[in-house]
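Asker: Can you keep this structure in mind? I'll have questions shortly.
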Amino acid sequence: MVIETPSGAKLSANVEEQARRLALALDAIESALEKIGPGAEPSAVVAALTGPVSAFDTAAKGA
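Numbering that gives the first Met the number 0 applies: residue 0 is where the sequence shown begins, and numbers increase by one.
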């Protein structure tokens, strides 16, 4: 989304940076899920996803 203002380029760059941070956080979640694989114990899922989900939450709050 581009907002037409005198500082529109700056706003667009900010949106792109936020989108990049969210995409990286989602990639980390996907990577963690691939590492634990299907049939993992619930405690292993929690342990694997705690950090990546927290990072996504932080990125989403910044968006």
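Note that CB positions come from ideal geometry on N, CA and C, so glycine has one too. Computed from a predicted model, the values in this text were never measured in an experiment.
Buried or exposed, going by whether 16 or more other CB atoms sit within 10 Å of the CB of P37?
Answerer: exposed
Asker: Whose CA, out of S42, S11, I28 and N13, lies closest to the CA of A56?
Answerer: Looking at the sequence itself, residue 56 is Asp, so the reference to Ala does not match. The shortest C-alpha separation from D56 is found at I28.
Asker: Are there 16 or more other CB atoms within 10 angstroms of the CB of P41, so buried, or fewer, so exposed?
Answerer: exposed
Asker: Going by alpha carbons, who is nearest to K34 out of L48, Q17 and L23?
Answerer: L48
Asker: With H, G and I counted as helix, E and B as strand and the rest as coil, what does DSSP make of A39?
Answerer: Coil at A39, not helix or strand.
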